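J.: Dropping the structure in here first, questions after.
Here you go:
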């Protein structure tokens, strides 16, 4: 045995911790956990160098179920802990798991700042458009008029569109996937893993207890071809069961046209790598039922990471001034001697 | 006490010889508009006094507004410096010489000047409009309202303009040099050399702004020569070198000492410093200071808010860095939940609270000690955190290093409780030898601690858990804010386990051995009166104890540095004194703790005016207490004008 080289290939199951998973049966979180473990195995992620950081909420129990390092923090603050960890330990791979309430309500400020800094952290936002762990109050992504226990006559406030907010906050990577579309989810998670910088993934996640069916429009076999649109870099925006519909720009507005009548060249061509965020933002505004909802990678651009810039400043200071001498610092430039 | 010595002046020989008196100590205050450069003049006077070998203590006192309307009472900025030929502990109870650049500065500061003290006023700034803005109905220079003082009227604007007229600067730029004219006068008055400030001017402006440098140097010299030649200033004073312990000294403020202490702690631990903070008065200079330590590998992170600052520090600590965050009282309030997370996850972290006047936004630029109970108890749940309070600006260095020693040894957040007075105030510091400092032994486990298994909450004899950091193969584990199962660290809602964990966390903190002096002592081991204090009041309390002892009172002072846990022998100490008085810049927070814990009838001497204690206030309060005049639990320091009796005169 000892002569054989150890095949250190990990399977998805090797990324599972010994803890019992305590989400409700039928919860969309199970699928996300499964696809995450698959991606970890596929990319051969080093368990000891991977950290999952989360906030509070159902989604944020995620780290307990991964056999990596993990930190289940406090409500809304996961971006802050992830930022400090990544700055102190650039060698680690840091993932953050959050929810619509955690990231967009109590933690809204930290969410925009981790994105604008482009800290090299992968953020998974499980969007179920409801507060699950506190038993069913409306969330900042709930639709207007949402009737819940805290809004018996319907919620009066406009929902946040997470990808619009992420792009406004200078996100260098923004994508959307659906919990039960497992192949596509796996693809998006892999793309996020490979992005250098903050990668933001919104995952439509069904809460079958408090908001069941919130994403039926996008998962129903009969309708999903007409209500969703899979983005592919460099390709025209085409959807429909028989790819019979496309998106064309009419001025500043996307309009649905027939591919029989409009040539592919005249359709809107997806470009996830353009530095101008306008196209990605425009796509983030497309909402069911007015238009199909785009899925996939909206934006993937290269920008310097915050941590690299911080490290570079330290390297530059050391190159310019040499390694700091602590006694010199303590003594300071101006002294006098008492004899 | 006062000798008169006739000596040759230091000028070019043409000046008349003026008498020079040797005095033991002097307190000078510069006061003007917040844009007048009073903080700079005061800092320069301090640096020069330190370099000539005086003991020093300073009190910058500035408004919260950067530029309040010019000439108004709200816009007055002051800088007080006490310099001496013997040990001093405070910035001085009363002022020997006040420089008032305008009527508002005169009005707000003159009552601090001793009877017979010098008041130099800028005669050019007493026009009708200036007087009106300061709320004077008529010029105080023209009536007898200033009769108690030696008022010296100097046309500073005109003399400054004459000194810099060939500089090529604009009229506004020229006017901004006048603080150095006033500084030059004071240098002459107290026989200080000009060279340190001339060197500073060259360093600050020399290359980039040679005209500004030349103008400032010219007006500094003009102010000095004005003192030498004008009849207004009749005599010169000299304060000899202080007889401090031999060694190399520097001047240091509390905030500077925290920064240097953090850098030293990181080096002692063989780790890199991670400091995250959100700008807040009076703690911002710590962030700026760490930002300037990049060649030491220190990471400074300006967070988007107070919560992010502590969150980032906790994340860095989880990663194995020597992590800290700093703020003032309002920021501590925002960080409270995260401090609880650090308590629950048992991660090492230093939280600096540079206290200011509260509640709410309160008095941002003024000092107070009213956060003690907040840092002790201001969190949800049973959430004990060690608390260390430095006693003086230079003590901030040792206290900071100690805070990291305690945090890493016991795996706990530690509160370092500074205040605006010691953070901005300065004093001489006998420079410590880094090589002689004890190294910090920190180990991160690399192997399982229980057979094949790694148990993240298996405690050592100190009660602390292992600091296993990400990147260590085989020790993968998860932590978080949910209650932990004893030993394994798994999530647990078991009733018995929760009670056990609450008690284990409390026992760990209660059992902390101080990493430095638990308290500072002045006087005999027992007696009639104990003055019990903590934090930045050290200098005033110690000086008051020495003064009372001189008057024949059997008094001692115990200054607590470790407020949680309190010193092991504090209960015994309290029993050795007939009476205990607790002077605090709050309404009695240590008093509440001491009465509750030791069932002792400690009385309070309390002041919440945004200003430090004067020595006289404590002497008077103690005397009143001994006369039986503190019948209730505490005496509040009066806000009445100081009377002739309460002003301690150095001429007395």
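Protein chains in written order, with the working numbering: chain A, 592 to 930; chain B, 603 to 1254.
We treat Cβ as the ideally placed atom computed from N, Cα and C, and that holds for glycine.
For clarity, every value in this text was computed on a predicted model and none was experimentally measured.
1) Do you know offhand how far residue 863(A)'s Cα is from residue 871(A)'s?
2) Taking one C-beta from the region 831 to 839 of chain B and one from the region 786 to 803 of chain B each time, how about it: are there three or more such pairs within less than 8 Å?
3) When you compare the CB positions of residue 628(A) and residue 603(A), do they come within less than 7 Å of one another, or not?
4) For residue 761(A), go through chain B and note every residue whose CB falls closer than 9 Å to its CB, in chain order.
5) Bridge partners of residue 1030(B), per DSSP?
6) Alpha helix (DSSP H) containing residue 1104(B): first to last residue?
7) If we define contact as Cβ-Cβ less than 7 Å, is residue 945(B) a contact residue for chain A?
8) Would you call the region 774 to 782 of chain B and the region 744 to 751 of chain B in contact, with 3 or more CB pairs under 8 Å?
9) Given a limit of 9 Å on CB to CB distance, which residues of the region 659 to 678 of chain A reach chain B?
10) Three-state secondary structure (DSSP) at residue 1006(B)?
11) Does the beta-carbon of residue 936(A) have 16 or more other beta-carbons within 10 angstroms, so that it is buried, or is it exposed?
12) Along chain B, which residues have their Cβ under 9 Å away from the Cβ of residue 640(A)?
13) Going by alpha carbons, who is nearest to residue 1065(B) out of 1109(B), 1073(B), 693(B), 1072(B)?
14) Helix, strand or coil for residue 615(B), going by three-state DSSP, please let me know.
15) Below 7 Å between beta carbons: does that hold for residue 1114(B) and residue 988(B)?
16) What residues of chain B sit near residue 901(A), judged by a beta carbon separation below 7 Å?
17) Whether or not the region 1185 to 1199 of chain B and the region 1090 to 1108 of chain B are in contact is what I'm after, with contact meaning three or more pairs of Cβ atoms, one per stretch, closer than 8 Å; do they touch?
18) Could you check what DSSP says for residue 962(B) in three-state terms: helix, strand or coil?
19) Is there a Cβ from chain A that is less than 7 Å from the Cβ of residue 850(B)?
20) At what residue ranges does the region 817 to 871 of chain A contain a whole run of the beta strand (DSSP E), taking only runs of 3 or more?
21) Counting C-beta neighbours from all protein chains within 10 Å, is the total for residue 1027(B) 16 or more, i.e. buried, or is it exposed?
22) Where does residue 916(B) sit, in a helix, a strand or coil, going by DSSP?
23) Report buried or exposed for residue 770(A), applying the criterion of at least 16 other Cβ atoms within 10 angstroms of its Cβ.
24) In chain A, what lies closer than 8 Å to residue 596(B) by C-beta?
25) Under 9 Å between beta-carbons, which chain A residues line up against residue 1007(B)? List them in chain order, please.
26) Could you tell me which whole alpha helix (DSSP H) segments of length 4 or greater appear in the region 666 to 716 of chain A?
27) Give the interface partners of residue 713(A) over in chain B, defined as CB-CB distance under 9 Å, in chain order.
28) Can you check whether the C-beta of residue 683(A) is within less than 7 Å of a C-beta belonging to chain B?
29) If you reduce the DSSP assignment to three classes, tell me which class residue 904(B) lands in.
30) Classify residue 1045(B): buried if its beta carbon has 16 or more other beta carbons within 10 angstroms, exposed otherwise.
31) Scan the region 734 to 813 of chain A and note each continuous alpha helix (DSSP H) run of 4 residues or more that stays entirely inside, going in chain order.
32) If the cut is a Cβ gap below 7 Å, which residues of chain A does residue 1034(B) touch?
33) Under 8 Å, CB to CB, which of the residues in the region 1078 to 1090 of chain B have a partner in chain A?
34) Report all residues from its chain with a CB closer than 7 Å to the CB of residue 1107(B); omit the five preceding and five following residues, and keep chain order.
35) Taking 7 Å as the limit between beta carbons, can you name the residues of its chain near residue 1250(B), skipping five residues before and five after?
36) Under the rule that 16 or more other beta-carbon atoms within 10 Å means buried, what is residue 798(B), buried or exposed?
T.: Walking through what the data contain:
1) The residue you call residue 863(A) lines up with position 272 of the first chain. The residue you call residue 871(A) lines up with position 280 of the first chain. Roughly 7 Å separates the two Cα atoms.
2) Result yes; three or more Cβ-Cβ pairs closer than 8 Å.
3) The sequence position of residue 628(A) within the first chain is 37, counting from 1. The sequence position of residue 603(A) within the first chain is 12, counting from 1. It is a contact, given that the beta carbons lie within the stated cut-off.
4) Stepping through the first chain from its first residue, residue 761(A) is reached at position 170. In chain order: nothing, as chain B lies at least about 14 Å away.
5) Here the question's residue 1030(B) lines up with position 428 in the second chain. Residue 1030(B) is bridged to 853(B).
6) Counted from its first residue, the second chain places residue 1104(B) at position 502. Unbroken alpha helix (DSSP H) run through residue 1104(B): 1097 to 1112.
7) Taking the second chain and counting its residues from 1, the one referred to as residue 945(B) is at position 343. Answer no: the Cβ-Cβ gap between residue 945(B) and chain A never drops below 7 Å.
8) Look at the beta carbons and you see the region 774 to 782 of chain B not touching the region 744 to 751 of chain B: under three pairs across the two are nearer than 8 Å.
9) 659, 660, 661, 662, 663, 664, 665, 666, 667, 668, 669, 670, 671, 672, 673, 674, 675, 676, 677, 678
10) What you label residue 1006(B) is simply residue 404 of the second chain in a count that begins at 1. It is helical.
11) Because residue 936(A) is not part of the residues shown, which for chain A are 592 to 930, the question remains open.
12) Translated into positions along the first chain, residue 640(A) becomes position 49. Residues of chain B passing the Cβ test: 1072, 1073, 1075.
13) The residue labelled residue 1065(B) in the question sits at position 463 within the second chain. Nearest C-alpha to residue 1065(B): 1109(B).
14) Looking up residue 615(B) in the second chain gives position 13. At residue 615(B) the pLDDT is 42, less than 50, meaning the model places this residue with poor confidence; the figure from the coordinates comes in the next sentence. It is coil, neither helix nor strand.
15) Against the second chain, residue 1114(B) aligns to sequence position 512. Against the second chain, residue 988(B) aligns to sequence position 386. Contact: yes.
16) Counting from 1 along the first chain, the entry for residue 901(A) is found at position 310. Simply 901.
17) no
18) The residue you call residue 962(B) lines up with position 360 of the second chain. Coil at residue 962(B), not helix or strand.
19) Taking the first residue of the second chain as position 1, residue 850(B) is located at position 248. Answer yes: the Cβ-Cβ gap between residue 850(B) and chain A drops below 7 Å somewhere.
20) 819 to 821, 836 to 841, 844 to 849
21) What you label residue 1027(B) is simply residue 425 of the second chain in a count that begins at 1. A residue is called buried once 16 or more other Cβ atoms fall within 10 Å of its Cβ, and residue 1027(B) is buried on that count.
22) As a first step, residue 916(B) is located in the second chain; it is residue number 314 there, counting from the start. Of the three classes helix, strand and coil, the one that applies to residue 916(B) here is helix, per DSSP.
23) Start at 1 with the first residue of the first chain, and residue 770(A) comes out as number 179. Its Cβ being crowded by 16 or more others within 10 Å, residue 770(A) is buried.
24) Because chain B here runs from 603 to 1254, residue 596(B) falls outside it and cannot be looked at.
25) The residue given as residue 1007(B) occupies position 405 in the second chain. By Cβ distance, chain A contributes nothing, its closest Cβ being about 16 Å from residue 1007(B), past 9 Å.
26) Counting only runs of at least 4 residues, the region 666 to 716 of chain A fully encloses the following alpha helix (DSSP H) elements, listed from N- to C-terminal order: 669 to 679, 699 to 708.
27) Within the first chain, residue 713(A) is the residue found at index 122, counting from 1. The premise fails here: residue 713(A) is roughly 15 Å from chain B at the closest Cβ pair, so nothing lies under 9 Å.
28) Taking the first chain and counting its residues from 1, one reaches residue 683(A) at position 92. Yes, residue 683(A) counts as interfacial toward chain B.
29) As a first step, residue 904(B) must be located in the second chain, where it is residue number 302. Strand at residue 904(B).
30) Against the second chain, residue 1045(B) aligns to sequence position 443. Its Cβ having fewer than 16 others within 10 Å, residue 1045(B) is exposed.
31) 753 to 759, 773 to 785, 807 to 810
32) Sequence index remark: in the second chain, residue 1034(B) carries index 432 (1-based). Those within 7 Å of residue 1034(B) in chain A are 921.
33) 1078, 1079, 1080, 1081, 1082, 1083, 1084
34) Within the second chain, numbered from 1, the residue matching residue 1107(B) stands at position 505. Closer than 7 Å at Cβ, skipping near neighbours: 945, 986.
35) Along the second chain, read from residue 1 onward, the residue named residue 1250(B) stands at position 648. Reliability fails at residue 1250(B), whose pLDDT of 39 lies under 50, so the model's placement of it is uncertain and the value that follows must be treated cautiously. Excluding sequence neighbours, residue 1250(B) sits near 695, 696, 1217, 1218.
36) Start at 1 with the first residue of the second chain, and residue 798(B) comes out as number 196. Classification of residue 798(B): buried, given that the 10 Å Cβ count is 16 or more.
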